[in-house]
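**Student:**
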Amino acid sequence: MIHIFATQWPSLLYGLGQTLLCSIIALFFSLIIGSLFAIFEIMPNKAMRIIGNVYVEVFRNIPLLVITMFFFVVLPLYVVKVNGFTAGTIGLTIYTSAFIAETVRAGIQSVDEGQMEGAQSNGLSFWQSMRYIILPQAFKIVIPPLGNQFINLVKNSSVLAFVAGFDLMYEGNMVANDTLQTMSTFFAVGVLYLIITMPLSYYMRHLEKKLA
Amino acid sequence: MKRKWRFIGMLTALTLLLVTMSSCGTKSALSDQNVLQNDIKSNTITWGVKADTKLFGLMDIKNSKVQGFEIDMAKALTKEILGKDGKAVFVPVTSQTRVPLLRNGNIDAIIATMTITPEREKQVDFTKSYFNAGQAILVKKGSPIHSVKDLNKKGAVVLGVTGSNSVQNIGTYAPKAKVLQLSDYAQALTALKSGQGQALTTDNGILFGMSVENPGYVVVGGSFTKEPYGIAVDQGQTKFKNRLNKALRAVEKDGTYNKILKKWFGNVKGFNYEEMKRS
Amino acid sequence: MQNFIDAYSWINIRYLLQGLWITVEVSVASIIFSYIIGTILGVIRYSEIKYVSAVVGFVIDLIRNLPLLLIIFFTYFGLPNLGFKPAIIEAAILAMTVFESMMIAEIVRSGIVAIDPGQMEGAKSNGITYWQALRIILLPQAMKNMIPALVSQFISLVKDTSLATIIVLPEMMYHAQIIYGQNSNYIIPMFIALAVLYFVVCYALSLLSRYLERRLA
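Each protein sequence line maps, in turn, to chains W, L and R. So for the first sequence, this note's numbering puts the first residue at 72; every next one is plus one. So for the second sequence, this note's numbering puts the first residue at 24; every next one is plus one. So for the third sequence, this note's numbering puts the first residue at 472; every next one is plus one.
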C-alpha cells in the first residue's frame with residue numbers, strides 16, 4: 072500500500088481533489104434544493120405538496136447511475152454537451168437532494184404541530200414561522216441523519232468513475248489496472264476516502280453536541 | 024482520560040486493519056501448492072473468463088453459459104491437458120477481480136482478453152500468446168478522423184474501456200489526445216454516439232462487432248498496435264504454465280485452433296481471420 | 472425503436488427479473504440482519520458503557536465512512552486470508568450487513584438522543600431499571616421518529632446491492648450489463664428498465680414508510 076502511495080500519488084491526489092470538489096458542490100446545492108422540496112411537501116397548498124412528493128419519490132427511488140448516465144449520454148444529444156464531471160455532479164446533486172428533502176421533511180414534522188399554529192395565530196406568516204420557529208428546531212433533530220446523507224454523498228460521488236469524471240475511484244481503477252495490485256490500491260483509495268468522510272462525521276457530531 | 028483511551032483504541036484498530044488488509048492478496052495463499060497436480064487430481068481446470076465481451080467470452084442468456092473464442096480455447100486446452108473427460112469450469116471475472124481471484128486460488132488461470140505487458144508480468148506469469156489482437160479506432164461515418172494520427176491534437180477525446188491495455192497505447196500514439204475510460208464497451212459506444220469523444224479505441228475484433236450492429240460507425244486506419252493476449256497463471260506456477268504452453272502448441276498444430284478461430288471470427292465483416300491462422 | 476422491441480424480448484426481461492430476485496434476496500437478508508445488529512449497536516453506543524461504547528463508536532465511524540464498494544471487495548478477497556472463504560452471495564450479504572448495521576446504529580443512537588432526556592430520569596425514579604426504560608419507554612418512541620431515516624437507508628441499501636457487480640454477484644445490474652453486452656444498442660432500453668424496476672421495489676418501501684409513520688403517529 073505504501074508502495075502504491077509512493078509511486079502513484081499524483082493521480083490519486085488528483086482524484087481526491089476532484090472527489091472533494093464534486094462533493095462540496097453537490098452538498099451545497101443538494102442541501103438548498105432538498106430543504107426547498109421538503110418545505111413544498113408540507114405546504115398547505117396541495118399542488119406544491121404533490122410537486123414535492125413526486126420529486127422526492129422519483130429521484131430517491133431510481134439508481135444514481137441511471138440519473139447520471141442520462142446527463143452524460145442523453146442530454147448531449149438534444150441540449151448541451153456536458154463532461155463526465157459535470158454530469159456526475161448534477162446527477163449526484165439531484166439524487167442526494169431527494170434524500171435530504173425526505174430527511175428534512177421528517178424533521179419538520181417531528182416538531183410539534185401546535186407550534187406552527189401558535190406562531191401563525193401570533194401573526195407570523197407561514198414562511199416566517201417556518202424560518203424562525205420550526206426550521207431551527209427541526210435542524211437540530213435532523214443533523215445526525217443529515218450527516219449520514221452527507222457521508223453517503225461523498226461515497227456516492229464514486230459514480231463519477233462510471234462517466235470518466237476523474238474522481239478518486241476512477242483514478243483508483245486506473246492505478247489498479249496499471250499495477251495489477253488491486254488490493255493495495257483499493258486499500259489506499261479507502262484511506263483517502265476516510266480523509267474526507269471522517270472529519271465530516273466528526274464535525275456533524277460536534278454540531279449535534281453544540282446544538283443539543 | 025477518556026480521550027487518551029479513545030486515541031489508543033483508534034491506533035490499535037487502525038494498525039490491526041492495516042496489517043490484515045495489506046496482507047490481503049499481496050502474497051499468494053496457494054503459492055506453495057502445485058496447481059497442475061491439483062487439477063490433474065480433480066480432473067478439472069477452473070478458468071477465469073470474460074462474460075460481457077462479444078466474440079471472446081459472453082454469457083448466453085438462454086442457457087446461462089459463457090460462450091466465445093476464449094471459452095472454446097479453454098475447453099480445447101483442458102482436453103489436451105486432462106484428456107477427453109477433463110472438465111473445464113468457467114468463472115466470470117472483471118478487470119478488477121481477475122488477479123485477486125487468481126491469487127486466492129478461486130481460479131487456476133485467466134483467459135480474459137488480457138494483453139501481455141511488462142508491467143503485468145511483474146504480477147502474474149503469462150503463457151505464450153494465444154491470440155494476436157491489434158488495436159484500432161471506431162469513428163462515426165464521414166468523420167474527419169482517418170487514423171490514430173488524426174487524434175494527436177489538442178481537444179481530441181478518445182474513449183476506451185477501463186482495464187484494457189488500449190487506453191495506455193493512446194498515450195504513445197496520440198499523446199495530445201485526452202482519454203476517457205468508461206466501464207464497458209456498450210457505455211463507451213453510447214458515449215461516442217452522444218459526442219463525448221471523437222473515437223472509440225479498443226481491439227479490432229470487438230470494434231468490427233460494434234460496427235456490424237451500428238452501420239453508422241466504421242473502423243478506420245487499420246490496427247496500429249499488436250496486442251498479444253496471454254493466459255495468466257499465478258507467479259511460481261511454472262509447471263502449469265509450461266504445460267499450458269505445450270497444450271497451446273498442440274492445439275495449434277492439430278488444426279483445432281484454426282477451427283475455433285473460424286467459428287468465431289470467420290463471419291466478422293472486415294476482420295481478416297485468414298492471416299491469424301496458426302499451424 | 473427496433474432496439475427497444477428487441478431489447479425487451481421475453482428472454483431478456485426474464486433474465487433481468489432473475490437478477491431482480493437476487494437483488495431482493497440480498498436486500499431482504501441484509502435489511503433484517505442489519506436492522507437487528509444496528510439497533511443493538513446503536514443502543515450500546517448510546518448507553519456510554521465504559522470502553523465498550525467508545526470502541527463500538529469508533530468501529531461504527533470507521534466502517535460507515537468507508538465506501539461500500541471497498542467493503543464488498545475486501546470481504547470477498549480479504550476473508551479467505553483469514554481462513555473463511557465466503558461464496559459470492561454470502562460475501563455480498565455479509566458486506567452489506569456490516570456496512571448498513573453501522574449506518575442504522577447511527578440512526579438509532581441519534582433517535583434515542585432526540586427523545587426528551589427527562590423521560591429516562593422519570594422512569595428510573597419510578598423504579599424501572601435502565602434497560603427496561605430503554606426498551607419499553609425510549610426505543611418505541613425513538614422508532615417512530617426514526618422511520619423516515621431508516622427507510623431512506625433501506626432504499627439506499629436496495630440500490631447499493633448493485634455495487635456487488637464488482638464481485639460478479641448475478642443481481643439485476645449485472646444481468647443488465649450481460650444483456651447489453653449482447654448488443655450495445657440495448658444499453659439505453661436496459662437503463663430505462665433498471666430505473667423502472669428499482670423504482671417499483673424502492674417505492675414499495677417508501678409507501679410502507681409513509682404507512683408506518685401515519686399509523687404510529
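Every residue gets a Cβ at the ideal spot worked out from N, C-alpha and C, and that includes glycine.
Would you list the residues sitting across from Tyr252 of chain L in a DSSP beta bridge?
**Tutor:** Numbered from 1 along the second sequence, position 229 holds the residue referred to as residue 252 of chain L. Its beta-bridge partners are L:Thr138, L:Phe154.
**Student:** Under 6 Å Cβ to Cβ from Gly186 of chain L, same chain only, skipping five residues before and after it: list those, please.
**Tutor:** Numbered from its first residue, the second sequence carries residue 186 of chain L at position 163. Within the same chain, Gly186 of chain L has close Cβ partners Ser118.
**Student:** Can you grab the Cα-Cα spacing for the pair Thr253 of chain W / Leu605 of chain R, in whole Å?
**Tutor:** Here residue 253 of chain W refers to the residue found at position 182 of the first sequence. Here residue 605 of chain R refers to the residue found at position 134 of the third sequence. Going from the Cα of Thr253 of chain W to the Cα of Leu605 of chain R covers about 45 Å.
**Student:** Helix, strand or coil: which one does DSSP assign to Thr195 of chain L?
**Tutor:** Residue 195 of chain L sits at position 172 when you count from the first residue of the second sequence. Of the three classes helix, strand and coil, the one that applies to Thr195 of chain L here is helix, per DSSP.
**Student:** Would you say Gln653 of chain R reaches chain L, if we count a Cβ-Cβ gap shorter than 8 Å as a contact?
**Tutor:** Your numbering for residue 653 of chain R matches position 182 in the third sequence. Taking Cβ atoms only, chain L reaches closer than 8 Å to Gln653 of chain R, which makes this a yes.
**Student:** State yes or no: is the C-beta of Ser234 of chain L within less than 8 Å of the C-beta of Leu161 of chain L?
**Tutor:** The count along the second sequence starts at 1 and reaches residue 234 of chain L at position 211. The count along the second sequence starts at 1 and reaches residue 161 of chain L at position 138. Cβ atoms of Ser234 of chain L and Leu161 of chain L: closer than 8 Å.
**Student:** Give me the Cα-Cα distance between Leu206 of chain W and Ile179 of chain W, rounded to the nearest whole angstrom.
**Tutor:** Position 135 of the first sequence, counting from 1, holds the residue named residue 206 of chain W. Position 108 of the first sequence, counting from 1, holds the residue named residue 179 of chain W. So the two alpha carbons sit approximately 7 Å from each other.
**Student:** Please confirm whether Arg131 of chain W has its beta-carbon closer than 8 Å to some beta-carbon of chain R.
**Tutor:** Translated into positions along the first sequence, residue 131 of chain W becomes position 60. Closer than 8 Å: yes.
**Student:** Under three-state DSSP, which class holds Ala74 of chain L?
**Tutor:** If you number the second sequence from 1, residue 74 of chain L lands on position 51. It is coil, neither helix nor strand.
**Student:** Quick one: is Ser51 of chain L near chain W, going by C-beta distance under 8 Å?
**Tutor:** Along the second sequence, read from residue 1 onward, the residue named residue 51 of chain L stands at position 28. For Ser51 of chain L, the predicted model reports a pLDDT of 48, less than 50, meaning its position is unreliable and no value from the coordinates is stated.
**Student:** Suppose contacts are defined by Cβ-Cβ distances below 8 Å. Is Ala172 of chain W in contact with Gly236 of chain W by that definition?
**Tutor:** Taking the first sequence and counting its residues from 1, the one referred to as residue 172 of chain W is at position 101. Taking the first sequence and counting its residues from 1, the one referred to as residue 236 of chain W is at position 165. In this structure, Gly236 of chain W does not lie closer than 8 Å to Ala172 of chain W by Cβ.
**Student:** Measure the alpha-carbon distance for Val260 of chain W versus Ala97 of chain L and round it to whole angstroms.
**Tutor:** Indexing the first sequence from 1 puts residue 260 of chain W at position 189. Indexing the second sequence from 1 puts residue 97 of chain L at position 74. Approximately 35 Å between the Cα atoms of the pair.
**Student:** Hey, Ala566 of chain R and Ile542 of chain R: beta-carbon distance below 8 Å or not?
**Tutor:** Counted from its first residue, the third sequence places residue 566 of chain R at position 95. Counted from its first residue, the third sequence places residue 542 of chain R at position 71. Yes; because the gap between Cβ atoms is below 8 Å, this pair is in contact.
**Student:** Quick check on DSSP: helix, strand or coil for Ala566 of chain R?
**Tutor:** Looking up residue 566 of chain R in the third sequence gives position 95. Looking at Ala566 of chain R - three-state DSSP - the assignment turns out to be helix.
**Student:** Do Val225 of chain W and Thr268 of chain W come within 8 Å of each other at the CB atom, strictly closer than that value?
**Tutor:** Looking up residue 268 of chain W in the first sequence gives position 197. Looking up residue 225 of chain W in the first sequence gives position 154. Against a cut-off of 8 Å, the Cβ pair of Val225 of chain W and Thr268 of chain W comes out as a contact.
**Student:** Can you pull the chain W residues whose beta carbon is under 7 Å from the beta carbon of Tyr669 of chain R, in chain order?
**Tutor:** Locating residue 669 of chain R in the third sequence gives position 198, where the first residue counts as 1. Within chain W, the residues near Tyr669 of chain R are Asn132, Ile133, Pro134.
**Student:** Report yes or no: is there a C-beta of chain R within less than 8 Å of the C-beta of Tyr252 of chain L?
**Tutor:** Against the second sequence, residue 252 of chain L aligns to sequence position 229. So, not an interface residue.
**Student:** Nearest to Val672 of chain R by CA position, among R:Thr632, R:Lys521, R:Lys556, is which residue?
**Tutor:** Along the third sequence, read from residue 1 onward, the residue named residue 672 of chain R stands at position 201. Among R:Thr632, R:Lys521, R:Lys556, the Cα nearest to that of Val672 of chain R is on R:Thr632.
**Student:** Using DSSP's beta-bridge definition, name the partner residues of Lys12 of chain L.
**Tutor:** This structure cannot speak to residue 12 of chain L, because chain L is shown only from 24 to 302.
**Student:** Closer than 7 Å by beta-carbon distance: list the chain L residues that pair up with Gly155 of chain W, in chain order.
**Tutor:** The count along the first sequence starts at 1 and reaches residue 155 of chain W at position 84. Within chain L, the residues near Gly155 of chain W are Leu203.
**Student:** Check distances from the C-beta atoms of the stretch 485 to 519 of chain R to those of chain L and list, in chain order, the residues that come in under 8 Å.
**Tutor:** Listed by position along the chain: Tyr486.
**Student:** Given a cut-off of 8 Å on the beta-carbon distance, is the pair Gln146 of chain L and Leu251 of chain W in contact?
**Tutor:** Walking along the second sequence from the start, residue 146 of chain L turns up at place 123. Walking along the first sequence from the start, residue 251 of chain W turns up at place 180. Result yes, Cβ atoms of Gln146 of chain L and Leu251 of chain W sit closer than 8 Å.
**Student:** I need the straight-line Cα distance from Val639 of chain R to Leu540 of chain R, nearest angstrom please.
**Tutor:** To locate residue 639 of chain R, count along the third sequence from 1; it is residue 168. To locate residue 540 of chain R, count along the third sequence from 1; it is residue 69. Near 12 Å, if we compare the C-alpha coordinates of Leu540 of chain R and Val639 of chain R.
**Student:** Exposed or buried, which one is Lys50 of chain L when buried takes at least 16 other CB atoms within 10 Å?
**Tutor:** Within the second sequence, numbered from 1, the residue matching residue 50 of chain L stands at position 27. Residue placement at Lys50 of chain L cannot be trusted, given a pLDDT of 48 that sits under 50; the coordinates are not used to answer.
**Student:** Just how far apart, CA to CA, sit Leu265 of chain W and Leu537 of chain R?
**Tutor:** Reading the first sequence from its first residue, position 194 is the one you call residue 265 of chain W. Reading the third sequence from its first residue, position 66 is the one you call residue 537 of chain R. Looking at the two C-alpha atoms, the distance is approximately 6 Å.
**Student:** With a cut-off of 8 Å on the beta carbons, I'd call Ile515 of chain R and Val527 of chain R a contact; round off their distance for me.
**Tutor:** Residue numbering aside, residue 515 of chain R sits at position 44 when the third sequence is read from its first letter. Residue numbering aside, residue 527 of chain R sits at position 56 when the third sequence is read from its first letter. So it is a contact: roughly 5 Å between Cβ atoms.
**Student:** How should Val72 of chain L be labelled, buried or exposed, when 16 other C-beta atoms within 10 angstroms of its C-beta is the threshold for buried?
**Tutor:** Counted from its first residue, the second sequence places residue 72 of chain L at position 49. Val72 of chain L should be labelled buried.
**Student:** Interface residues of chain L around Asp249 of chain W at Cβ under 8 Å?
**Tutor:** On the first sequence, position 178 is the one that residue 249 of chain W refers to. Those within 8 Å of Asp249 of chain W in chain L are Glu142, Gln191.
**Student:** On the three-pair Cβ rule with 8 Å, is the stretch 102 to 114 of chain L touching the stretch 282 to 290 of chain L?
**Tutor:** Contact between the stretch 102 to 114 of chain L and the stretch 282 to 290 of chain L is absent, because fewer than three Cβ pairs lie under 8 Å.
**Student:** Report yes if the C-beta distance between Met137 of chain L and Ile649 of chain R is below 8 Å; otherwise report no.
**Tutor:** The sequence position of residue 137 of chain L within the second sequence is 114, counting from 1. The sequence position of residue 649 of chain R within the third sequence is 178, counting from 1. Not in contact: Met137 of chain L and Ile649 of chain R (Cβ atoms no closer than 8 Å).
**Student:** With DSSP collapsed to three states, give me the class of Thr49 of chain L.
**Tutor:** Here the question's residue 49 of chain L lines up with position 26 in the second sequence. Low confidence applies here, because Thr49 of chain L scores a pLDDT of 48, under 50, leaving its location unreliable and the question unanswered by this model.
**Student:** Starting from the C-beta of Gly19 of chain L, find all residues in its chain whose C-beta is less than 8 Å away, skip the five residues before and the five after it, and write them out in chain order.
**Tutor:** Within the shown structure, residues of chain L are numbered from 24 to 302, placing residue 19 of chain L beyond reach of any answer.
**Student:** Please report whether the beta-carbon of Ala235 of chain W lies at a distance below 8 Å from any beta-carbon of chain L.
**Tutor:** Translated into the one-based positions of the first sequence, residue 235 of chain W becomes position 164. Judged by the 8 Å Cβ criterion, Ala235 of chain W is in contact with chain L.
**Student:** Is it buried or exposed for Met201 of chain W, if we count other Cβ within 10 angstroms and need 16 for buried?
**Tutor:** Walking along the first sequence from the start, residue 201 of chain W turns up at place 130. Buried: at least 16 other Cβ atoms inside 10 Å.
**Student:** How big is the Cα-Cα spacing for Phe258 of chain W and Gln186 of chain W?
**Tutor:** Your numbering for residue 258 of chain W matches position 187 in the first sequence. Your numbering for residue 186 of chain W matches position 115 in the first sequence. One C-alpha to the other measures close to 50 Å.
**Student:** Please determine, among L:Lys276, L:Ala273, L:Gly232, L:Gln260, the residue with the shortest C-alpha to C-alpha distance to Asn295 of chain L.
**Tutor:** Counting from one through the second sequence, the residue named residue 295 of chain L turns up at place 272. Of the candidates L:Lys276, L:Ala273, L:Gly232, L:Gln260, the one whose C-alpha sits nearest the C-alpha of Asn295 of chain L is L:Gly232.
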